[in-house]
Structure formats: C-alpha cells, structure tokens
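The structure appears below as structure tokens.
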Amino acid sequence: MESGTYSEVLDQPAFTAHFDLQQAFDNSRSFRKLCKEWQVNVVDVDGD
2 MESGTYSEVL
12 DQPAFTAHFD
22 LQQAFDNSRS
32 FRKLCKEWQV
42 NVVDVDGD
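The working numbering numbers the first residue of the sequence shown as 2 and each following residue consecutively.
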C-alpha cells in the first residue's frame with residue numbers, strides 16, 4: 002500500500018502473507034464462527 006490507497010489486486014498478497022490465523026481465531030468471535038461453519042459445511046461434507 003505504498004500509494005496510500007488500498008488495491009485488492011496489489012495489496013492482498015502482502016496482507017495474506019502477514020495474516021495470523023491463530024490470532025484471528027483467538028481474538029475474533031466472528032472468525033471462530035466462520036471456522037465452525039466451514040468445518041460443518043465443507044470439511045464434514047467431504048467425510049460422508
């Protein structure tokens with residue numbers, strides 16, 4: 002984000018490289034809900 006404005010195409014790779022999944026899980030109720038719903042609707046479906 003060198004230009005001072007956010008661009009998904011340009012800034013997303015650097016952002017995701019620094020994103021701490023464990024910290025998000027530990028500190029965000031909505032992220033924990035996302036993980037739970039992913040488990041139920043995506044991961045567990047593959048196990049059927």
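Even for Gly, the Cβ is constructed at its ideal location relative to N, Cα and C. Values in this document were obtained by computation on a predicted structure and should not be read as measured data.
Extent of the continuous alpha helix (DSSP H) run through residue i
| i | result |
| --- | --- |
| Asp12 | 9–19 |
| Gln24 | 22–28 |
Residue i versus residue j: straight-line alpha-carbon distance, rounded
| i | j | result |
| --- | --- | --- |
| Asn42 | Phe32 | 15 Å |
| Glu9 | His19 | 15 Å |
| Cys36 | Thr6 | 30 Å |
| Ser29 | Asp45 | 23 Å |
CB contact check: residue i to chain D, cutoff 8 Å
| i | result |
| --- | --- |
| Asp21 | Note that chain D does not occur in the displayed structure, where there is just one protein chain. |
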